[in-house]
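Take a look at the structure set out below.
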Amino acid sequence: MRVALVPVEDIRENGFDVRVARFQASDDVSYAMFSGGGNSWAEARMKEGLYILPTAAAGERPDLTGLSCRWNPIPATRGKVVSIIAVPGPSRDMPAFRKLVTDLVDLAEQDGRHGHPVPEEGPKLGFVREGLNLEARAGAAHRDVWGQLRRSSRILGETLLINLLGLTGLSLGRFNAERYRRSVASNTDFRKFDDGLKMTVDIDGARLEKIRDRLEQGRLSGSCYFGLHEQDAALMTCIVPSPLSRDHMHFVDGADGGYAAAATLLKQQMQAVPAR
């Protein structure tokens, strides 16, 4: 992983800015949204090797407290799970780009749930072996086999208990599995803005074609570049400080390529446009 620390002063000296807003996804969670072009400029400089932070010392481990990957893939219920990225195009016509973003969000909202890929009652409980193994390796206090086995045993026990509570409808102290699943859905970041729009939505074929047509219209006018990738399910990664708190956060992506595949198509569009 590359990490850079870029002064806002440098960003502004190069004609960009970092403007921040909070999107209230639910009563308990809000997500930061960014505009001004500064984040994109900073990311490009990082990829050039500028502002890079020193590599961590051997044996150092990041704090991954709360990182969780325990949900089954979430199948599409309306048609396809679609990963969409749209960024300003070569015309740099920001009013036209903002109108495009508004149109795309409006098109996704026509089902009454904004194209939300997670069911309102929450994702289905399950057992994801690969996800549990990844979480155990990431969260083990020690990298040795015994440390990972202890972490795996704890995760397995928690998962089995939550599944049992979900199946029986029982509560354990302040924890209620059904209420927790509903809050998972409401706390999910299925759409975001970071100098461009990113959405993972579950939509039918008719709305998908309208969204594709609107994106293509924006590309032809020069107001946007875009990437769009379809798949049959979504995946979710979570930050859960405590199952008893309501401020758990859930990050959704497509299960078969997702934003990475959409970004590849986006880069192909950008490379096909002659530099000005």
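Numbering-wise, the sequence shown is residues 42 to 317 according to our numbering.
Beta carbons are placed, not taken as given, at the ideal position from N, Cα and C, and that holds for glycine.
Worksheet item: What alpha helix (DSSP H) runs, 4 residues minimum, are completely inside the region 47-132?
Response: 49-54 and 79-88
Worksheet entry | Collapsed DSSP secondary structure at Asp235 in the structure displayed | Counting from one through the sequence shown, the residue named residue 235 turns up at place 194. In the structure shown, Asp235 sits in a strand (DSSP, three-state: E or B).
Worksheet item: Beta carbon of His270, beta carbon of Gly246: below 8 Å?
Response: Start at 1 with the first residue of the sequence shown, and residue 270 comes out as number 229. Start at 1 with the first residue of the sequence shown, and residue 246 comes out as number 205. No. Outside cutoff.
Discussion item. Using only the alpha-carbon positions, how far apart do Leu261 and Ser124 sit?
Written reply: For this step, residue 261 is matched to residue 220 along the sequence shown. For this step, residue 124 is matched to residue 83 along the sequence shown. About 20 Å.
Worksheet item: Mapping DSSP to helix, strand and coil, what is Glu161?
Response: The residue labelled residue 161 in the question sits at position 120 within the sequence shown. If DSSP states are grouped into helix, strand and coil, Glu161 belongs with coil.
Item to complete: Taking the CB atoms as reference points, tell me whether Asp144 and Arg255 lie closer together than 8 Å.
Response: Residue 144 sits at position 103 when you count from the first residue of the sequence shown. Residue 255 sits at position 214 when you count from the first residue of the sequence shown. Contact: yes.
Practice prompt. Assign Lys165 to buried or exposed, taking buried as 16 or more other Cβ atoms, counted over all protein chains shown, within 10 Å of its Cβ.
Written response: In the sequence shown, counting from the first residue as 1, residue 165 sits at position 124. Flag for Lys165 reads exposed.
Practice prompt. Could you tell me the distance, in whole angstroms, from the CA atom of Ala226 to the CA atom of His157?
Written response: For the purposes of this step, residue 226 is identified with residue 185 of the sequence shown, where counting begins at 1. For the purposes of this step, residue 157 is identified with residue 116 of the sequence shown, where counting begins at 1. Separation of Ala226 and His157 (C-alpha to C-alpha, rounded to the nearest whole angstrom) is 8 Å.
Fill in: Start and end residues, beta strand (DSSP E) containing Asp294
Looking up residue 294 in the sequence shown gives position 253. Per DSSP, Asp294 belongs to the beta strand (DSSP E) from Met290 to Gly295.
Practice prompt. May I ask which residues mark the beginning and end of the beta strand (DSSP E) holding Glu271?
Written response: Within the sequence shown, the letter at position 230 stands for residue 271. Start and end: Cys265 to Gln272.
Practice prompt. Kindly give me the distance between the Cβ atoms of Tyr266 and Val146, rounded to whole angstroms, as I take these residues to be in contact under 8 Å.
Written response: In the sequence shown, residue 266 corresponds to position 225, counting from 1. In the sequence shown, residue 146 corresponds to position 105, counting from 1. Incorrect: roughly 18 Å between the Cβ atoms, too far for contact.
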